[in-house]
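Data first, discussion second: the structure below is written as structure tokens.
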Amino acid sequence: MAQNAKNLIGLTGIPLVMVLGNSMLIPVLPTMKNKMELTSLQTSLLITAFSIAAGIVIPLAGYLSDRFGRKIVILISLALYGTGGLLAGLAALWLDQPYMLIMGGRVLQGIGAAGTAPIAMALVGDLFEGASESKALGLMETSNGMGKVLSPIFGALLALISWYMVFLAFPIICGVVLVLFLFLTKEKKQERQPLPVKQYLHRIAQVFKQHGKWLVPAFFIGSICLFTLFGVLFYLSDLLEEKYKIDGVIKGGFLAIPLLVMSIAAYVTGLIIKKKLGLMRLFVIVGMFLLAASYVLASFVKGAYALIGILIIGSIGTGMILPCLNSMIVGAVQKAERGMITSLYSGVRFIGVAVGPPIFTWLLGISRTVMFFSIAGLSLVFAILAIFFLKPKQAEQGGQNQEQDAAKERETKAWRQVSEVLGIEPGTQQEKRRARAIEKYGFDVNDLFARILSGKKEKEKN
């Protein structure tokens, strides 16, 4: 077997492990709440503890992987991840009041999760190039998507044995992935010296100084997507079990529906956007408006099945947004800076996952309507902010070197001078308006409608 194939086999299980950390627990949380006699807030903290720990440690894990090597960081992380699950499972098995030890196990799992998928993505960039890199990243994303869809069902199946089996499954899963990764994936020797901490932080500050105007909103939008996703799943899991008495694998299947739709939407979006930054920006804006619309509609829906149907609209929006943000952020900075920026982005996303369940619980305590209208309003605010601040073309230009920028400016001036000498008008008013719209928003609305109308005319002719 070729080494590239071995590398892929060793790597593809890692994103799956990271996704299981929260999604596998979601269908079992109401049972945990009853068995340990917890409040809704205490139950939500089982998700928060994992995600806060991961969000804080991810940037540190990225730096350590640059300094000491990706493979050793991933191996230690998988071991910590499995150990945390074992601690939580044994605490539930042996103790009458296991909550605090389970929380400790979840924090340990979160620390381990920080060094899994984000570092594996960086390792793919080290091991593969060109078309092979795209193929490897696609396979990693497929593994991630499968994990999202299967984890609620898998968690519900494990709960049929016992509610704490979901914790005891982690050391087994992590152990298998660790062995495959250890023996199959070979890391290349680092060719560059890692940056000192002070210089590392300085480079991060420079990136945000150059790209912060659009990069900060992009980070928040990614975080909001996962904040709302896990908050809604937490609410839906409790609703299905407490009010509608839907439990076990059937409930896991219902919870998997929004995740499946999101994964399909993300896959299709990835095929469409390619490297078209203006289109990415449009997809993010439309996706945020879909999120806002789905939560407004959800506030008026009472039945569980209808609610899931409405939330699918939001899942489509999330699936449109996340691949675009990934591509924008990766393409915004030079290769040497991607590791640190993508690690920060992953950390911010995990913070969104962390605060979702407790904030949803608090808002639900006020009223269901307040909960849905609050997150709809938040989504709408950032949809509007995206229109004005999310400008990926500027980020792409910022990633070019100064010589390229200077050459482009000289070429523009030269053509302007030629136009003036020949008495040629630089462009019609319509062309000027279109140029201004593209410069300001990243796309021209009239162009979009023209394409739709031309498509319709073609269909009518056929």
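Those letters in the sequence shown? Residues 881 to 1342, by the numbering used here. Every residue, glycine too, gets a C-beta built ideally from N, C-alpha and C.
Inset, instruction - Using beta-carbon positions only, say whether G1102 and L1205 come within less than 8 Å of one another. - result: By one-based count along the sequence shown, residue 1102 stands at place 222. By one-based count along the sequence shown, residue 1205 stands at place 325. For G1102 and L1205, yes; Cβs fall inside 8 Å.
Legend entry - At least three beta-carbon pairs within less than 8 Å, the region 941-960 to the region 984-999: yes
Inset, instruction - Would you give the residue range spanned by the alpha helix (DSSP H) that F1269 belongs to? - result: Along the sequence shown, one-based indexing puts residue 1269 at 389. Taken as a continuous stretch (DSSP letters only), the alpha helix (DSSP H) holding F1269 covers 1248-1269.
Legend entry - Member of R1083, F1169, L1177, L967 whose CA lies at the smallest distance from the CA of M983: Here residue 983 refers to the residue found at position 103 of the sequence shown. Looking at the Cα atoms, L967 is the closest of the given residues.
Inset, instruction - Please list, in chain order, all residues of the same chain as V1141 whose beta carbon is under 8 Å from its beta carbon, the five residues on each side excluded. - result: One-based indexing of the sequence shown puts residue 1141 at position 261. Excluding sequence neighbours, V1141 sits near I1192, S1195, I1196, G1199.
Inset, instruction - Kindly give me the distance between the Cβ atoms of E1067 and G964, rounded to whole angstroms, as I take these residues to be in contact under 8 Å. - result: What you label residue 1067 is simply residue 187 of the sequence shown in a count that begins at 1. What you label residue 964 is simply residue 84 of the sequence shown in a count that begins at 1. With 8 Å as the limit, E1067 and G964 do not qualify as a contact, their Cβ atoms being about 25 Å apart.
Inset, instruction - Count the CB pairs spanning the region 1029-1048 and the region 1130-1141 that are closer than 8 Å, and state whether there are at least three. - result: yes
Legend entry - Inter-residue CB distance, L891 and F1061 (contact presumed, cutoff 8 Å): The sequence position of residue 891 within the sequence shown is 11, counting from 1. The sequence position of residue 1061 within the sequence shown is 181, counting from 1. Yes, L891 and F1061 are in contact; Cβ-Cβ is about 7 Å, under 8 Å.
Legend entry - As assigned by DSSP and simplified to three states, the class of E1067: For the purposes of this step, residue 1067 is taken as residue 187 along the sequence shown, with counting starting at 1. In the three-state DSSP reduction, E1067 falls in the coil class, being neither helix nor strand.
Inset, instruction - Tell me whether K1156 sits in a helix, a strand or coil according to DSSP, three-state version. - result: Indexing the sequence shown from 1 puts residue 1156 at position 276. Residue state, collapsed to three classes: coil.
Legend entry - Span separating the alpha-carbon of G1183 from that of P1138: By one-based count along the sequence shown, residue 1183 stands at place 303. By one-based count along the sequence shown, residue 1138 stands at place 258. When rounded, the distance between both Cα atoms is 16 Å.
Legend entry - Opening and closing residue of the alpha helix (DSSP H) in which D1118 lies: For this step, residue 1118 is matched to residue 238 along the sequence shown. Segment 1077-1122, the alpha helix (DSSP H) holding D1118.
Inset, instruction - Measure from the alpha carbon of I1231 to the alpha carbon of each residue in M1160, I889, I932, then state which is nearest. - result: For this step, residue 1231 is matched to residue 351 along the sequence shown. It is I932 whose Cα lies nearest to the Cα of I1231.
Legend entry - The alpha helix (DSSP H) enclosing V987, as first and last residue numbers: The residue labelled residue 987 in the question sits at position 107 within the sequence shown. Here the alpha helix (DSSP H) through V987 covers 979-994.
Legend entry - Which of helix, strand or coil DSSP assigns to T919: Looking up residue 919 in the sequence shown gives position 39. Per DSSP, reduced to three states, the secondary structure at T919 is coil, with no helix or strand assignment.
Inset, instruction - Note down the Cα distance separating Q1090 from M1220, rounded to an integer number of angstroms. - result: Translated into the one-based positions of the sequence shown, residue 1090 becomes position 210. Translated into the one-based positions of the sequence shown, residue 1220 becomes position 340. Rounded to whole angstroms, Q1090 to M1220 spans 15 Å at the Cα level.
Legend entry - Residue range of the unbroken alpha helix (DSSP H) whose run includes A828: The structure shown does not extend to residue 828, since the chain is modelled only from 881 to 1342, so the question has no answer here.
Inset, instruction - With a 10 Å radius around its C-beta and 16 neighbouring C-beta atoms as the bar for buried, classify A885 as buried or exposed. - result: Stepping through the sequence shown from its first residue, residue 885 is reached at position 5. Exposed.
Legend entry - Cα-Cα separation between E1276 and M1160, rounded to whole angstroms: Taking the sequence shown and counting its residues from 1, the one referred to as residue 1276 is at position 396. Taking the sequence shown and counting its residues from 1, the one referred to as residue 1160 is at position 280. Its pLDDT being 43, under 50, E1276 is placed unreliably by the model, and nothing is read from it.
Legend entry - Local conformation of W1043 per DSSP, three classes: Locating residue 1043 in the sequence shown gives position 163, counting from the first residue. It is coil, neither helix nor strand.
Legend entry - DSSP state of A1178 mapped onto helix, strand, coil: For this step, residue 1178 is matched to residue 298 along the sequence shown. A1178: helix per DSSP, three-state reduction.
Legend entry - Segment limits, alpha helix (DSSP H) that includes G964: Within the sequence shown, numbered from 1, the residue matching residue 964 stands at position 84. Here the alpha helix (DSSP H) through G964 covers 950-974.
Inset, instruction - Decide yes or no for the touch test of the region 1227-1244 against the region 1172-1182: beta carbon pairs closer than 8 Å, at least 3 of them. - result: Cβ pair count under 8 Å is below three, so no.
Inset, instruction - Give the DSSP-derived three-state secondary structure of I1126 in the structure shown. - result: The count along the sequence shown starts at 1 and reaches residue 1126 at position 246. Looking at I1126 - three-state DSSP - the assignment turns out to be coil, as it is neither helix nor strand.
Inset, instruction - Have a look at M1168, A882, Q922, R947 and flag the residue whose alpha-carbon is nearest the alpha-carbon of K1069. - result: Here residue 1069 refers to the residue found at position 189 when the sequence shown is read from its first residue. Checked all of M1168, A882, Q922, R947; the closest Cα to K1069 is R947.
Inset, instruction - Tell me whether the beta-carbon of L958 lies closer than 8 Å to the beta-carbon of V1046. - result: Position 78 of the sequence shown, counted from the start, is the residue given in the question as residue 958. Position 166 of the sequence shown, counted from the start, is the residue given in the question as residue 1046. For L958 and V1046, no; Cβs fall outside 8 Å.
Inset, instruction - May I ask which residues mark the beginning and end of the alpha helix (DSSP H) holding V899? - result: Here the question's residue 899 lines up with position 19 in the sequence shown. Per DSSP, V899 belongs to the alpha helix (DSSP H) from 883-903.
Legend entry - Close beta carbons around S1023, own chain, < 6 Å, minus the five adjacent residues each side: Position 143 of the sequence shown, counting from 1, holds the residue named residue 1023. Excluding sequence neighbours, S1023 sits near T892, P895, L896.
Legend entry - Within 8 Å, strictly: CB atoms of P1203 and G1111: For this step, residue 1203 is matched to residue 323 along the sequence shown. For this step, residue 1111 is matched to residue 231 along the sequence shown. Against a cut-off of 8 Å, the Cβ pair of G1111 and P1203 comes out as no contact.
Inset, instruction - Whole angstroms is fine: what's the gap from L970's alpha carbon to L1048's? - result: Mapped onto the sequence shown, residue 970 falls at position 90. Mapped onto the sequence shown, residue 1048 falls at position 168. When the Cα atoms are used, L970 and L1048 turn out to be separated by approximately 8 Å.
Legend entry - DSSP three-state assignment for G1245, whether helix, strand or coil: Position 365 of the sequence shown, counting from 1, holds the residue named residue 1245. Residue state, collapsed to three classes: helix.
Inset, instruction - With DSSP as the reference, label V1235 as helix, strand or coil. - result: One-based indexing of the sequence shown puts residue 1235 at position 355. Helix at V1235.
Legend entry - Own chain residues within Cβ distance below 7 Å of L1243, not counting five before or after: What you label residue 1243 is simply residue 363 of the sequence shown in a count that begins at 1. Answer for L1243: V1250, M1251, S1254, listed in chain order.
Inset, instruction - Report the option in V1148, L905, L1037, V1235 whose CA atom is closest to the CA atom of G1128. - result: The residue you call residue 1128 lines up with position 248 of the sequence shown. Taking only the C-alpha atoms, the option nearest G1128 is L1037.
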